[in-house]
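Since the structure comes first, as structure tokens, the remarks are kept for the end.
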Amino acid sequence: MHIALPLGKGGVILMGTNVPDSMCHTLIPGNQISLTLTPDSQAEAQRLFEGLSRGGKVNVPLEPSSWGTVFGMLTDAYGIQWMIDYTPQS
Numbered sequence: 000m001h002i003a004l005p006l007g008k009g010g011v012i013l014m015g016t017n018v019p020d021s022m023c024h025t026l027i028p029g030n031q032i033s034l035t036l037t038p039d040s041q042a043e044a045q046r047l048f049e050g051l052s053r054g055g056k057v058n059v060p061l062e063p064s065s066w067g068t069v070f071g072m073l074t075d076a077y078g079i080q081w082m083i084d085y086t087p088q089s
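Set out below in structure tokens:
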């Protein structure tokens, strides 16, 4: 299940999901959260993705997603999980 909880004004959203062991996700302290950045441009999304992934691991390359955004996931050099999600303006 997923949740998206808007927090006040300014576009801050607290999002959550469950990932049980049956989905091949093993809990290791530190991997139970991911931080998401939603930049204002694709160039900024690329800059953030490249900078955060330096010395880390790309889990999902930054590319157009099936849901209409440019999306990527990575684990930085310190073990923090990140999602970059840019929504092109139509």
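Letter by letter, the sequence shown follows residues 0 to 89 in numbering that gives the first Met the number 0.
Here a beta-carbon is modelled for each residue, glycine too, at the ideal position from N, C-alpha and C.
{"Check": "Among residues of its own chain, excluding the 5 on either side of I12, which ones have a beta-carbon nearer than 6 Å to its beta-carbon?", "Outcome": "A3 and P5"}
{"Check": "Nearest-angstrom Cα distance between M72 and E49?", "Outcome": "11 Å"}
{"Check": "Alpha carbon to alpha carbon, how far is E43 from M82? Give it in angstroms, no decimals.", "Outcome": "13 Å"}
{"Check": "Using beta-carbon positions only, say whether P63 and V57 come within less than 7 Å of one another.", "Outcome": "no"}
{"Check": "So who's on the other strand from E62, going by DSSP bridges?", "Outcome": "F70"}
{"Check": "Could you work out which residue in T16, P87, D39 and C23 is closest to W66 when comparing CA atoms only?", "Outcome": "P87"}
{"Check": "Note the first and the last residue of the continuous beta strand (DSSP E) segment covering Q80.", "Outcome": "Q80 to Y85"}
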